[in-house]
Amino acid sequence: MRFPWVAQIVLAAALGVFAAFGQAPYDQPAVLLIALAGAFHLWRIQTRPRAAAVMGLAFGCGYFALALIWIVEPFQVDAARHGWMAPFAVALLSLGLALFWAAAFWAARLLSHAAFGLVLTWTAAEMARAYVFTGFPWASPAQATINGPLSQVLALGGPHAANFVLLLCAWVVSLSGRWPVKAGQAVVLAAVLWSLHAPLQRPAAVLSDTWVRLIQPNAAQHLKWQPEMAEVFFTRQLALTAAPAQSAAQTPDLVVWPETAIPWRLETAGPALVEIGRAGNGAPVVLGALRAEGVHLRNALAVIDPAGAPEAIYDKHHLVPFGEYMPFAGLANRLGLSALVAQAGIFSSGPGPELLDFGPLGTALPLICYEAVFAHGVNAAPARPDFLLQITNDAWFGQYAGPQQHLAQARMRAIEQGLPLMRAANTGISAMIDPAGRIISSLPLGQAGFIDAPLPRPDPATPYSWFGDVPVLVFLLVALGFIRLRQTTVRWSYSD
Numbered sequence: 001m002r003f004p005w006v007a008q009i010v011l012a013a014a015l016g017v018f019a020a021f022g023q024a025p026y027d028q029p030a031v032l033l034i035a036l037a038g039a040f041h042l043w044r045i046q047t048r049p050r051a052a053a054v055m056g057l058a059f060g061c062g063y064f065a066l067a068l069i070w071i072v073e074p075f076q077v078d079a080a081r082h083g084w085m086a087p088f089a090v091a092l093l094s095l096g097l098a099l100f101w102a103a104a105f106w107a108a109r110l111l112s113h114a115a116f117g118l119v120l121t122w123t124a125a126e127m128a129r130a131y132v133f134t135g136f137p138w139a140s141p142a143q144a145t146i147n148g149p150l151s152q153v154l155a156l157g158g159p160h161a162a163n164f165v166l167l168l169c170a171w172v173v174s175l176s177g178r179w180p181v182k183a184g185q186a187v188v189l190a191a192v193l194w195s196l197h198a199p200l201q202r203p204a205a206v207l208s209d210t211w212v213r214l215i216q217p218n219a220a221q222h223l224k225w226q227p228e229m230a231e232v233f234f235t236r237q238l239a240l241t242a243a244p245a246q247s248a249a250q251t252p253d254l255v256v257w258p259e260t261a262i263p264w265r266l267e268t269a270g271p272a273l274v275e276i277g278r279a280g281n282g283a284p285v286v287l288g289a290l291r292a293e294g295v296h297l298r299n300a301l302a303v304i305d306p307a308g309a310p311e312a313i314y315d316k317h318h319l320v321p322f323g324e325y326m327p328f329a330g331l332a333n334r335l336g337l338s339a340l341v342a343q344a345g346i347f348s349s350g351p352g353p354e355l356l357d358f359g360p361l362g363t364a365l366p367l368i369c370y371e372a373v374f375a376h377g378v379n380a381a382p383a384r385p386d387f388l389l390q391i392t393n394d395a396w397f398g399q400y401a402g403p404q405q406h407l408a409q410a411r412m413r414a415i416e417q418g419l420p421l422m423r424a425a426n427t428g429i430s431a432m433i434d435p436a437g438r439i440i441s442s443l444p445l446g447q448a449g450f451i452d453a454p455l456p457r458p459d460p461a462t463p464y465s466w467f468g469d470v471p472v473l474v475f476l477l478v479a480l481g482f483i484r485l486r487q488t489t490v491r492w493s494y495s496d
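The sequence shown maps to residues 1 to 496 in full-length UniProt numbering.
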């Protein structure tokens, strides 16, 4: 409390930066836990809601600035034209997301003097971040739990339940008191550190007799669409698809190419699709491609049969704002910003989540890139699939934090649903993931190749797959209402 207020703001921002080391590629969730506990301490010494909000804003800005530093990568693809925008993108995105945490700190101080209220409002802020303005739940604190036993909370209540548990533990660690409290804190801290870092003690996944080949062409984004290189990458994928398996038993029953894997529109790629079907050696090939439907341009996933015909098509429905479409495009056009609208992306969204039937393999819920970030979006499938299928072009995310964080989120979706997830990424990381979120087989970043992996069998439906975010939302509303009622009752008693 003796720190000047400006120094407290700087300390909050520094703690936020340290908290981000809980995320990939650093994977130090214990650092995240201690930094969160420090944020609870800073909240306690703020007597006014506005001051508490500033602490939350500073902590959030520091956290998101490091956790989302990979946002600069898309601007480096054409650095001469767009590189200057990278620092502004990081700063504005960090500030925008930090506003949710500022609101949590403000509301907690407004509601109560007890720091437990911050556990509830912070969890609620993370839930809001997943939904508001189409949502952007990237770098959720729960994402840092993916490598330890605590990750299995995702199957019970999803990412927001995991956030609540993590924040609850940070609150306990932040408590002050005499030795009984400190002894309890030590026990909690030891248990949480074990749950964040210990190997997962669960039986190995049950593997089916079905084998899947995941193709990773490693097409750098700045080369991907150049005419002289497009043919190189296409030929590379054909060769990887047609490569012999290690044994007859491991012959692929399904081949998966990444997002926008071919340089032609789907409706004009007939001869190329015939080559792809032939390379599959009797197995269907899933690939990403752009397609036009009237005046609409769509980011699509197509299933190509052995004859080279698209037998099923799925259109991406959750588009990336400012990357695939411009929010409030009509208003922007009226303001004379048509060039900005066109540069932000002109894709149209598909009708929504749907299942694809792969016959003996079962049904799949297709996810194109960014769609795997949303737990509630995966939960919105029209029926329970047998596996999740993600194709992505992570070349946009560079070769460091972005692709690894994206993989962590795919693993979260597998745990939440109790389903295996297969993932084909252009530049990596391609992987087969079991229902417990463990990686069975993968290809590292920046490497061209393929992996043949057996498809794990699904686990029984999880509580989260049944109920989604509703139980956590109801709990938060009831708990916050109780705190508000209790605080009001205390004020009345003082007035009496």
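Beta carbons: idealized from backbone N, C-alpha and C, even for Gly.
The C-alpha of residue 485 is placed about 43 Å away from the C-alpha of residue 70.
Considering only 360, 362, 382 and 389, the residue with the shortest C-alpha distance to residue 370 is 389. Pairwise C-beta distances place the region 411 to 427 out of contact with the region 471 to 482, as fewer than three of them are shorter than 8 Å. For residue 392, the enclosing beta strand (DSSP E) begins and ends at 387 to 392. Residue 152 carries a helical assignment under DSSP once its states are collapsed to helix, strand and coil. When the beta-carbon positions are compared, residue 298 and residue 374 stay at least 8 Å from each other.
Burial state of residue 296 is exposed, judged by a 10 Å Cβ sphere holding fewer than 16 other Cβ atoms. Rounded to whole angstroms, the separation of the alpha carbons of residue 270 and residue 155 is 42 Å. Counting only residues of its own chain and dropping the five nearest sequence neighbours on each side, residue 102 has a CB closer than 6 Å to the CB of 53, 56 and 57. By the neighbour-count criterion, in which a residue is buried when 16 or more other Cβ atoms sit within 10 angstroms of its Cβ, residue 318 is buried.
Nearest Cα to residue 357 within the set 264, 46 and 254: 254. For the alpha helix (DSSP H) assignment, the uninterrupted runs of no fewer than 4 residues enclosed by the region 373 to 447 are, from N- to C-terminal side, 375 to 379 and 401 to 417. Positions of the beta strand (DSSP E) runs, each at least 3 residues long and wholly inside the region 190 to 235, are given as 207 to 216 in order along the chain. Under the three-state reduction of DSSP, residue 44 is assigned to helix. Counting along the chain, no alpha helix (DSSP H) covers residue 312; the unbroken beta strand (DSSP E) around it starts and ends at 310 to 315. DSSP places residue 255 inside the beta strand (DSSP E), whose first and last residues are 254 to 256.
For residue 277, no beta strand (DSSP E) encloses it; the enclosing alpha helix (DSSP H) starts and ends at 270 to 279. For residue 219, the CB contacts under 6 Å within the same chain, skipping 5 residues up- and downstream, are 233 and 426 in chain order. In this structure the region 137 to 146 does not lie against the region 80 to 92, because fewer than three pairs of beta carbons, one per stretch, are closer than 8 Å. Taking each of 441, 447 and 167 in turn and checking the Cα distance to residue 205, the smallest one comes out for 441. Between residue 438 and residue 430, the CB-CB gap reaches or exceeds 8 Å. Here the alpha carbon of residue 106 sits roughly 17 Å from the alpha carbon of residue 167.
Its Cα nearest to that of residue 243, the residue 278 stands out among 268, 404 and 278. DSSP places residue 324 outside both helix and strand once states are collapsed to three, so it counts as coil. DSSP, read as helix, strand or coil, puts residue 34 in helix. Excluding its 5 nearest sequence neighbours in each direction, residue 67 has C-beta neighbours in its own chain below 7 Å: 20, 23 and 139, listed in chain order.
Across the set 273, 314, 313 and 291, the C-alpha of 273 shows the shortest separation from the C-alpha of residue 307. In this structure, residue 237 sits near residue 261, with a CB-CB distance shorter than 8 Å.
Counted as a single uninterrupted DSSP element, the stretch harbouring residue 450 is not any alpha helix (DSSP H) but the beta strand (DSSP E) occupying residues 449 to 456. Closest option to residue 458, judged by alpha-carbon separation, among 396, 362 and 393: 362. Under DSSP, residue 286 takes part in a beta bridge, and its partners are 256 and 303. Residue 71 sits in a helix when the DSSP states are folded into three classes. Rounded to whole angstroms, residue 359 and residue 239 show a C-alpha spacing of 26 Å. The beta carbon of residue 38 sits closer than 7 Å to those of 15, all from its chain and outside the five residues before and after it, given in chain order.
Secondary structure of residue 360 (DSSP, three-state): helix.
Rounded to the nearest whole angstrom, the CA to CA distance from residue 394 to residue 176 is 44 Å.
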